[in-house]
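Presented below is the structure to which this report refers.
In my numbering, the protein residues as written are 57 to 381.
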C-alpha cells in the first residue's frame, strides 16, 4: 500500500502545494524512510541531480549588538569567538579566487552586527565590484537588517542574492532574540526583493522549537517564495544561552530537512552549519530532499573540505548546477 508521504509527493510533483490549511501529520507520523523517499522524489523532479555549493567568508567578526541566543558572535556573551574588523577588499578577492579555483561558483561575505554602514559599507561595495569584475562567481551578501537603498547599492556592485535567516517560527522567535523582531526580518527580505535581489533565508534547528515551529517556518519561507533555504543544525556553544541545548539526533535532522522539501518543492534546500552532526557529511540528507550546501571555510563547520564535498556528490551521481559548469 502506498504511503501517504509517497501519495502527497506525487501530488506535489503534479502541481499541488501544501498550505496552512493542509493536514501535515504525515510528515511526523509516517516512517522516516517513507518521508525521506518522498522528499527525494520531489527533489529529483524539481532540481534534478544538480547540486549548488557556496562558500562564505567571515568579513567582520564578533561584538555583534544583537542578542541571538545561539550565536558566538554576539557581544552579549563570552564565548571566545574571534573578533576582527572588516577585512580589506584585497583579502576578499584573494579568498574568493582561491575558492573559485577549487570549483565553487557561489560566494558570500558575511558580517556580524545589526547592519552595515560607513567605511565598512564602502569596503564591502568595493570588494563586490572587484569580485564581480575579477571572478565569475555568483555573489551573495549577508549583512544584517539593511534598507532598500543599500540593497540597491549592493545589486549595482554585483551582488545577486541576499541572505537573511528568519531563524525559526514567528511564535518562537522572541525566545531566540529580543534586539530585533521577526517583522524586522520580513521587512529586510521584502527590501531585498524590491531591489531586485534573490533571497536566501532559512534558520536553525535545535533551538528548542517544536515540530509545529519547524512546519510554520517552512510555510513562511514558502509564502515568501525564497530561492534558497539554508538549514543549520545547532551545535551548542558554551557561553551562549543555548549552550546546554541537547544536540539533535540523525533521525530528527533528516525528518526536518525532508519536511522543508515537501513545503518548498522547487527551492534550494541547503545544508549549512552543523552538518557534521549527521556523521556522514550529509550524504543521507542529500537523499532526503537536500540539493545544496555550504562548503569550505565558514562560520560554522560542515566537517568537509570543498574537495571532499565535490568527491561526495560525484560518488552519488550528482553534478554541480549546470549554470556553474
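Cβ coordinates follow ideal geometry from the N, Cα and C atoms, glycine included. The structure displayed is predicted, hence computed values, not measured ones.
Rounded to whole angstroms, the separation of the alpha carbons of residue 340 and residue 117 is 32 angstroms. Residue 287 sits in a strand when the DSSP states are folded into three classes. The alpha carbon of residue 323 has as its nearest neighbour, out of 309, 301, 284 and 168, the alpha carbon of 284. The three-state reading of DSSP puts residue 336 in coil, since its state is none of H, G, I, E or B.
Look at residue 70 here: in three-state DSSP terms it is coil, with no helix or strand label. For the options 210, 158 and 325, the alpha carbon positioned closest to that of residue 180 is the one of 210. In summary, residue 294 is exposed, with fewer than 16 beta-carbon neighbours lying within 10 Å of its beta-carbon over all protein chains present. DSSP places residue 254 inside the beta strand (DSSP E), whose first and last residues are 254-256. Distance from the CA atom of residue 169 to the CA atom of residue 177, rounded to whole angstroms, is 12 angstroms.
Residue 218 is bridged by DSSP to 197 and 255. In summary, residue 130 is buried, with 16 or more beta-carbon neighbours lying within 10 Å of its beta-carbon over all protein chains present.
When beta bridges are read from the DSSP output, residue 140 appears opposite 117. Sixteen is the threshold: when 16 or more other Cβ atoms of the shown chains lie within 10 Å of the Cβ of residue 80, as they do, the residue is buried.
With 16 or more neighbouring CB atoms inside 10 Å of its own CB, residue 94 falls in the buried class. Note that the C-beta distance between residue 232 and residue 187 is not below 8 angstroms. Between the alpha carbons of residue 111 and residue 162 lies a distance of about 6 angstroms.
In terms of Cα proximity to residue 193, the closest of 203, 171, 216 and 172 is 216. Collapsing the DSSP output to three states places residue 163 in a strand. Assignment of residue 128 by DSSP, reduced to helix, strand and coil, places it in the coil class. Residue 140 is classed as exposed because its beta carbon has fewer than 16 other beta carbons within 10 Å across all chains shown.
Judged by pairs of C-beta atoms under 8 angstroms, the segment 269-279 does not touch the segment 96-107, as fewer than three such pairs exist. When secondary structure is reduced to three states using DSSP, residue 100 falls in the helix class. Residues of the same chain with a CB within less than 7 angstroms of the CB of residue 214, apart from the 5 flanking positions on each side, are 184, 185, 187, 188 and 195 in chain order.
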